[in-house]
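Novice:
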Amino acid sequence: MKLTFYNTASRSKQEFVPMVEGHVSLYCCGPTVYNYAHIGNLRTYIFEDLLRRTLEFNGYKVKHVMNITDVGHMTTDADAGEDKMEVAARRENRSPLEIARFYEEAFFLDTQRLNILRPNTAPRATEHIVQMIELIGRLEQNGLTYQTPEGVYFDTALFENYGKMARLNLSGQRTERDEVISDDSKRNPSDFMLWFLNKPHHLMQWSSPWGPGYPGWHIECSAMSMQYLGETFDIHCGGIDHIPVHHTNEIAQSEGATHHPFVNYWMHGEFLLMNKEKISKSKGGSINTLQSLVDAGYDPMTYRYFCLQAHYRGELNFSLDALDAAASGLRKIYALSEADDPLANKEDEFQAEHKRLLEILNDDLSISQVIGQLHSIGSRRLWLEFDQVLGLQIEEHSRRAEEPLPQSVQDLITLRNTARSNRNWAESDAIRDQIIAMGFDVLDGPQGTQVKRKLLEEAVR
RNA sequence: GGAGCUGUACCCAAGUGGCUAAGGGAGCGGUCUGCAAAACCGCGAUCACCAGUUCGAUUCUGGUCAGCUCCUCCA
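Per the numbering used here, the very first residue in the first sequence carries number -11; after that it's consecutive.
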């Protein structure tokens, strides 16, 4: 079936046609591992997971690569900036590499809890320095670089289509701001560093043909994507903030080296907003992590579901109220019973709905619409089918209902039944509260009392 | 200054040139219950404002206002 994606390069929806039939090469910009990922970061990985699952749902074999940025990068091009990896190292009294490995593990724990499929390959920048040096060498051979005491720069003026994808208007770009320290040795404001030199304070250093130093931020993605996916590949994605600088520079340095197109489809996820503002890693510290939501009693699936209710190209406003609403909605999905499936024994209708929903999904990942439709239809079987894409672990969660009640709960039910037959409502209600606190729903109906396990943790606020 | 995004009911949010503007949550009413809860049924919007295009606009175009993001590391 036809697949359509919004391509940032053309600023329009385009039919997706991979280079090799049936196969997709997918590169996603990964985390810089100097701190915990915040939920805004995680939204983007949920979007990319949705993309990957949609491709696979359509029968494509996906090769998914995501970089791990474990090299520190200066906060500015000049020497005065502070390196986040090193700041973290000092803060936690560990080596930069220890910091990197620690937060890399934390990152994958978060993505695993969110049921985000692990990339086939997650190369680390520090393990691909050779490839980066090689790529810089190719750029040098092509005459696109120049060297200053600060390092090796990419000369953006010599790359014809610089900023085309981002539609940059270079003359209008702001070049002087208080926070930005200008480097007089730069030829053009938009030139960017390929290899830093003469930074004796920087802890992470490698030797290179230009002298000891460390790579610029952008070069790792070019070097590693090329190594694992080839010089041209199908889809590259990341956060929307990467369009003007990071991805612009990736294109320049990749195509400047290879003289081939770098990427066919660019896809970018919008920001998660909190109080109408973007969540900042540096401002927020380690608050706003997935763990903080878990500590508050939310199941990670609640956050995943919350994100899937909005389109990836639109901003999404996060609040605990909104998250609670998502939890209630998700609970409803988990509680759907097979017996009441309106599409049971209606194979034709099931297939028709399946096709209709897939068409919606394939129109630029309109998963929120699919979710709305699934709620309206109310077919557990259809939910389960699309859970391959939703990744909400519906089967696993609803299976909880089948687990036998613990003895302690059964004892309480017996106690409560006695109290109820004695019309001792105070005691009955107290026991009920106790059972509910243990994670169960208590239902008194005409056929007596039923106790059901809650299918989703409830947050305490 | 340059580039871009957003504004839909109490909250989150989808969507469309015209027929009932999805869905979830909250709220209210009802069924059920000893009372609740859960579940089920029922109930909600002149789509920021102004002008234009059009037979017809929430949807297209222009403007205004408000908010946000990027041009510094950043999902």
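Cβ coordinates follow ideal geometry from the N, Cα and C atoms, glycine included.
None of the values given here were measured: they were computed from a predicted structure.
Do you know whose CA, among G10, F(-7), T114 and S(-2), lies nearest N21's CA?
Specialist: The amino acid occupying residue 21 in the given sequence is Val; Asn does not appear at that position. Comparing Cα positions, the closest option is T114.
Novice: I'd like the span of the alpha helix (DSSP H) that includes R368, first residue to last.
Specialist: Per DSSP, R368 belongs to the alpha helix (DSSP H) from R368 to L378.
Novice: According to the Cβ coordinates, are H224 and E238 closer than 9 Å?
Specialist: Against a cut-off of 9 Å, the Cβ pair of E238 and H224 comes out as a contact.
Novice: Could you spell out the range, first to last residue, of the beta strand (DSSP E) harbouring L260?
Specialist: Element bounds for L260: L260 to M262.
Novice: Rounded to whole angstroms, what is the Cα-Cα separation between P249 and H342?
Specialist: So the alpha carbons of these two residues sit roughly 36 Å apart.
Novice: Can you check the stretch -5 to 68 for any beta strand (DSSP E) of at least 3 residues that lies completely inside it and give the ranges in chain order?
Specialist: With a minimum length of 3 residues, the continuous beta strand (DSSP E) runs that stay inside the stretch -5 to 68 are 0 to 3, 11 to 16 and 49 to 54.
Novice: Tell me whether the stretch 280 to 292 and the stretch 345 to 354 touch, counting them as touching only if at least three CB pairs, one residue from each stretch, are closer than 8 Å.
Specialist: No, the stretch 280 to 292 is not in contact with the stretch 345 to 354.
Novice: Taking contact to mean 3 or more Cβ pairs, one atom from each stretch, closer than 8 Å, check whether the stretch 44 to 57 and the stretch 353 to 366 are in contact.
Specialist: No contact exists between the stretch 44 to 57 and the stretch 353 to 366.
Novice: Identify, in the order they occur along the chain, each residue of the same chain with its Cβ nearer than 6 Å to the Cβ of P434, setting aside the five sequence neighbours on each side.
Specialist: Here the set comprises nothing.
Novice: To the nearest angstrom, how far is the alpha carbon of Y150 from that of P188?
Specialist: So the two alpha carbons sit approximately 32 Å from each other.
Novice: Identify the continuous alpha helix (DSSP H) that holds L123 and give its terminal residues.
Specialist: L123 -> alpha helix (DSSP H) spans I117 to Q129.
Novice: Tell me whether the stretch 365 to 384 and the stretch 421 to 429 touch, counting them as touching only if at least three CB pairs, one residue from each stretch, are closer than 8 Å.
Specialist: No: the two stretches stay apart, fewer than three of their Cβ pairs being nearer than 8 Å.
Novice: Which value, in whole angstroms, describes the spacing of the CA atoms of E320 and Q357?
Specialist: One detail in the question is off: residue 320 reads as Lys in this sequence, not Glu. Each residue's alpha carbon lies about 17 Å from the other.
Novice: Give the straight-line distance between the Cα atoms of L443 and R388, rounded to the nearest whole angstrom.
Specialist: Taking the straight line from one Cα to the other gives about 6 Å.
Novice: Who does T109 pair with in a DSSP beta bridge?
Specialist: Its beta-bridge partners are V53.
Novice: Quick one: grab the DSSP three-state call for F142.
Specialist: F142: strand per DSSP, three-state reduction.
Novice: Assign N276 to one of two classes, buried (16 or more other C-beta atoms within 10 Å of its C-beta) or exposed (fewer than that).
Specialist: Counting Cβ neighbours within 10 Å, N276 comes out buried, since at least 16 surround it.
Novice: Measuring only from the beta carbon, is T406 closer than 8 Å to any heavy atom that is part of the ligand ATP?
Specialist: Ligands displayed in this structure: none; no statement on the ligand ATP is therefore possible.
Novice: Can you tell me whether D98 is buried or exposed? The criterion is at least 16 other CB atoms within 10 Å of its CB, across all chains shown.
Specialist: With 16 or more Cβ atoms within 10 Å of its Cβ, D98 is classed as buried.
Novice: Indicate the three-state DSSP secondary structure (helix, strand or coil) for Q215 in the structure shown.
Specialist: Q215: helix per DSSP, three-state reduction.
Novice: First and last residue of the beta strand (DSSP E) that includes E137?
Specialist: Looking at the sequence itself, residue 137 is Pro, so the reference to Glu does not match. Run containing P137: none; DSSP gives neither H nor E here.
Novice: In chain order, what residues of the same chain have a beta carbon less than 6 Å from the beta carbon of C16, not counting five sequence neighbours either side?
Specialist: Excluding sequence neighbours, C16 sits near E36, M54 and C225.
Novice: Are Q241 and L127 closer than 9 Å when you measure CB to CB?
Specialist: For Q241 and L127, yes; Cβs fall inside 9 Å.
Novice: In whole angstroms, give me the CA-to-CA distance for M7 and E138.
Specialist: Roughly 40 Å between the two C-alpha positions.
Novice: Run through DSSP, which three-state label would N405 get?
Specialist: In this structure, N405 counts as helix in the three-state DSSP scheme.
Novice: Given a cut-off of 9 Å, decide if G285 and E446 are closer than it, judged by their beta-carbon atoms.
Specialist: Their beta carbons are under 9 Å apart, which means E446 touches G285 by this criterion.
Novice: Work out the CA separation of E347 and K271 for me, nearest whole Å.
Specialist: Residue placement at K271 is flagged as unreliable, the pLDDT there being 48, under the threshold of 50; the coordinate-derived value follows with that caveat. The straight-line gap from Cα to Cα measures roughly 41 Å.
Novice: Can F259 and L331 be called in contact, C-beta distance under 9 Å?
Specialist: It is not a contact, given that the beta carbons lie outside the stated cut-off.
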